[in-house]
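Asks:
Numbering (this note's numbering), first residue to last: 568 to 848.
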């Protein structure tokens, strides 16, 4: 992947370095409306110490300890930022699922004055197959995995770049707001308690920032390479743990008769590397 990135960068840099030839009119590249799409990899951003957190007394504050009748931490075996391979912590965890993302966009670019500066605005719709996992292990033993991923998203971004020389190439930075439909799921080996997902399929506001390059292949078609970092605030969804068939001495029930759990990281972060293809009018 590194070789492909270096090659694309070299080609784009060469295009930008071409001298400006005498022309009867100003360059028309990157000056007008376009429609296009993108395809690439959406990588989940996870920290090594992530897992799940608990609200045992129903006050809305997470960070409580799920304690046994003896006061011991019921989640003493620990946590991981992946999906459990089994009921016990020593079985380990598998990594988050970083998969392909794809989408469509419509935008407008405008050359500023007679210089190489280009400013633009675009609206983009995207889909992704990536998933993030947050897991905890109890002394029962049992595993508990919270799953979340973006089903679809809509973004409004501006971009600002430079297109010197012949004007066929563009290097730019981009940023804006995004709104995503985040799917949530829960997987556990605990068959005693009841587990109810709350606020599932929740639309959340986020932000995006990135950079990229684009090169005209013909007078109407441009090919690009883009990196985009997206962060969404995702602290509404949680799993409500109830009694099920468990006795009143169950650690999830001791404090208030129920417990809420969610990922320890309230944000969903994604790093995307994309190839873009645009048709320009």
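We put the CB at the ideal spot given by N, CA and C, even for glycine.
Under 6 Å Cβ to Cβ from residue 837, same chain only, skipping five residues before and after it: list those, please.
Replies: Within the chain shown, numbered from 1, the residue matching residue 837 stands at position 270. Contacts found: 609 and 797.
Asks: Report all residues from its chain with a CB closer than 7 Å to the CB of residue 598; omit the five preceding and five following residues, and keep chain order.
Replies: To locate residue 598, count along the chain shown from 1; it is residue 31. Here the set comprises 676, 677 and 678.
Asks: On the DSSP letters alone, give me the boundaries of the beta strand (DSSP E) that residue 726 sits inside.
Replies: Locating residue 726 in the chain shown gives position 159, counting from the first residue. Run containing residue 726: 709–729, per the beta strand (DSSP E) assignment.
Asks: What is the rounded straight-line gap between the Cα of residue 648 and the Cα of residue 621?
Replies: Translated into the one-based positions of the chain shown, residue 648 becomes position 81. Translated into the one-based positions of the chain shown, residue 621 becomes position 54. Between residue 648 and residue 621, the C-alpha separation is close to 16 Å.
Asks: Name the one or two DSSP bridge partners that residue 541 has.
Replies: Only positions 568 to 848 of the chain appear in this structure, which leaves residue 541 out of reach.
Asks: In three-state terms, what does DSSP make of residue 747?
Replies: In the chain shown, the residue the question calls residue 747 occupies position 180. If DSSP states are grouped into helix, strand and coil, residue 747 belongs with the strands.
Asks: Only counting the same chain, and skipping five residues up and downstream in sequence, which positions put a Cβ closer than 6 Å to that of residue 636?
Replies: Numbered from 1 along the chain shown, position 69 holds the residue referred to as residue 636. Within the same chain, residue 636 has close Cβ partners 816.
Asks: Which residue from 753, 642 and 743 puts its Cα closest to that of residue 774?
Replies: Indexing the chain shown from 1 puts residue 774 at position 207. Per the Cα distances, 743.
Asks: For residue 672, which residues of its own chain have a beta-carbon under 6 Å away from its beta-carbon, when the five flanking residues on both sides are left out?
Replies: In the chain shown, the residue the question calls residue 672 occupies position 105. Taken in chain order, the residues that qualify are 603, 689 and 691.
Asks: State the Cα-Cα distance for the pair residue 629 and residue 600, rounded to the nearest angstrom.
Replies: As a working note, residue 629 is residue 62 in the chain shown. As a working note, residue 600 is residue 33 in the chain shown. For residue 629 and residue 600, the distance between alpha carbons rounds to 48 Å.
Asks: May I ask which residues mark the beginning and end of the beta strand (DSSP E) holding residue 677?
Replies: For the purposes of this step, residue 677 is identified with residue 110 of the chain shown, where counting begins at 1. Unbroken beta strand (DSSP E) run through residue 677: 666–678.
Asks: With distances taken Cα to Cα, identify the nearest neighbour of residue 713 among 763, 734 and 728.
Replies: In the chain shown, counting from the first residue as 1, residue 713 sits at position 146. The residue with the shortest Cα to Cα distance from residue 713 is 763.
Asks: Please classify residue 759: is it buried, with 16 or more other beta-carbons within 10 angstroms of its beta-carbon, or exposed?
Replies: Here residue 759 corresponds to residue number 192 of the chain shown, with the count starting at 1. Exposed, by the Cβ-count rule.
Asks: What whole-angstrom Cβ distance do residue 826 and residue 633 have, given they're in contact under 8 Å?
Replies: As a working note, residue 826 is residue 259 in the chain shown. As a working note, residue 633 is residue 66 in the chain shown. Contact holds; Cβ gap of about 6 Å.
Asks: So, for residue 660: in the same chain, excluding its five sequence neighbours on each side, which residues have a beta-carbon less than 8 Å away from its beta-carbon?
Replies: Taking the chain shown and counting its residues from 1, one reaches residue 660 at position 93. Answer for residue 660: 647, 648, 649, 650, 651, 652, 700 and 702, listed in chain order.
Asks: Kindly indicate which residue of 683, 819 and 802 has the alpha-carbon position closest to the one of residue 732.
Replies: For this step, residue 732 is matched to residue 165 along the chain shown. Taking only the C-alpha atoms, the option nearest residue 732 is 683.
Asks: Measure from the alpha carbon of residue 685 to the alpha carbon of each residue in 695, 694, 674 and 834, then state which is nearest.
Replies: Locating residue 685 in the chain shown gives position 118, where the first residue counts as 1. It is 674 whose Cα lies nearest to the Cα of residue 685.
Asks: By DSSP, does residue 657 sit in helix, in strand, or in coil?
Replies: By 1-based counting over the chain shown, the position of residue 657 is 90. Helix, per DSSP.
Asks: Cβ of residue 670 within 9 Å of Cβ of residue 840?
Replies: Residue numbering aside, residue 670 sits at position 103 when the chain shown is read from its first letter. Residue numbering aside, residue 840 sits at position 273 when the chain shown is read from its first letter. Their beta carbons are not under 9 Å apart, which means residue 670 does not touch residue 840 by this criterion.
Asks: Applying the 10 Å Cβ sphere with the 16-neighbour rule, what's the burial state of residue 658?
Replies: Here the question's residue 658 lines up with position 91 in the chain shown. Exposed is the call here.
Asks: Name the two residues that bound the continuous beta strand (DSSP E) containing residue 699.
Replies: Locating residue 699 in the chain shown gives position 132, counting from the first residue. It spans 699–705 - the beta strand (DSSP E) in which residue 699 sits, taken as one unbroken run.
Asks: Rank 681, 831 and 717 by C-alpha distance to the C-alpha of residue 664 and give the top, closest one.
Replies: Translated into positions along the chain shown, residue 664 becomes position 97. Ranking 681, 831 and 717 by Cα distance to residue 664 puts 717 first.
Asks: DSSP three-state call for residue 629: helix, strand or coil?
Replies: For the purposes of this step, residue 629 is taken as residue 62 along the chain shown, with counting starting at 1. In the structure shown, residue 629 sits in coil (DSSP, three-state: anything other than H, G, I, E or B).
Asks: Strictly under 9 Å for the Cβ-Cβ distance: is residue 829 near chain B by that measure?
Replies: Protein chain content of the structure displayed is limited to a single chain, and chain B is not contained in it.
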